[in-house]
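Remarks on the structure that follows.
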Amino acid sequence: MPLYKTITVNKDTFIAIWKVGETEGDLAKGIQLSDHCQSRYDGMKSELHRRAFLSIRHLMALYGYEDKDLYYDEFGKPHLKDGNLISITHSHNFTGIIISKSEEVGIDIEKKREKILRIAHKFTPFEEYRTLANTEAIVRKLTIVWGAKESLYKIYGQQGISFLHHIHVTDFSFSENQTTAEIIYDGKVSHYHVHFMEFEGFTLVYGIRQKTG
Ligand SMILES: CC(C)(COP(=O)(O)OP(=O)(O)OC[C@H]1O[C@@H](n2cnc3c(N)ncnc32)[C@H](O)[C@@H]1OP(=O)(O)O)[C@@H](O)C(=O)NCCC(=O)NCCS
């Protein structure tokens, strides 16, 4: 089953995950790419990347969207032409989208890998995790924190933000499946809800910007 999971976050916000198992030819059936996306697609060297890219268009179709309903801004952030909000992620054979009618949203899927231990100091104050029971737990937590920061980065959509210095994720326990976060940048503070789940060695994280006032 290519469609792996759907999540209704609330009445306005939906997530869909694809597990890419089909051939490129099968995924291309019924998909019409815009000139911009066709030229990006033609330039992708990795077949897995091309299949992931196509699978995203199948996920969009679940919500009535075609590739022509999407455009990218100068930073690579995707937007829907009808004004609804979208975020996109791919990691190996999993891809996902989050779509919302009213909330600013970001999504990230990451494969859990021990190599995250080597780069942890670049994106989070690593001392915070030293008390965890074992390496596996530290990798789990770091992957969630990384995914949270990627999701928030995708929402904020502004270059210059440092994962380490500007995005702060509140500590959490695994069983909570959620936490909060804030971005403090350029004298402004914004607040976010963060949710996470794990499946088949991957971590899915999505963020929603809290409305002010
Ligand atoms: C852009 C970025 C967020 C993409 O994340 P990623 O984990 O590499 O890849 P994902 O598959 O999860 O996401 C890719 C999708 O993000 C979206 N995206 C790309 N640039 C974006 C941006 N500026 N804002 C929002 N979304 C963006 C696109 O939809 C893209 O997929 P598509 O082009 O096929 O539609 C990431 O590469 C990045 O630049 N991160 C910030 C860099 C950084 O500070 N790193 C920390 C160093 S410690």
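Be aware that the sequence shown starts at 24, since it is given in our numbering, and climbs by one per residue. Note that the Cβ used here is the ideal one computed from N, Cα and C, for glycine as well. Remember, predicted model here, so these are calculated numbers, not experimental data.
Cβ-Cβ separation between E133 and F225: approximately 7 Å, consistent with a contact (criterion under 8 Å). For D131, the three-state secondary structure derived from DSSP is strand. Per DSSP, the unbroken beta strand (DSSP E) holding F219 starts and ends at K211 to F222. For L155, the closest alpha carbon among the candidates F146, L165 and T147 is that of L165.
Nearest C-alpha to I111 among T158, A39, P148 and Q55: A39. Taking 9 Å as the cut-off, the Cβ atoms of E173 and G129 count as close.
Look at K42 here: in three-state DSSP terms it is strand. Under the 8 Å Cβ criterion, the segment 91-106 does not count as touching the segment 205-219, having fewer than three qualifying pairs. Between F186 and L175, the alpha-carbon positions lie close to 9 Å from each other. The Cβ atoms of K28 and F222 sit closer than 9 Å to each other. Around the beta carbon of R80, a 10 Å sphere encloses 16 or more other beta carbons of the protein chains shown; the residue is thus reported as buried. Assignment of H113 by DSSP, reduced to helix, strand and coil, places it in the strand class. Taken from the Cβ of R63, at least one heavy atom of ligand 1 lies inside 8 Å.
Between the C-alpha atoms of L77 and S62 there is a straight-line separation of about 13 Å. CA-CA distance, G183 to F197, rounds to 30 Å. Secondary structure of E137 (DSSP, three-state): coil. Between I231 and E127, the C-beta spacing is below 9 Å. For F222, the distance from the CB to the nearest heavy atom of ligand 1 is not below 8 Å.
Looking at the backbone, the Cα of T46 and that of G210 are separated by about 48 Å.
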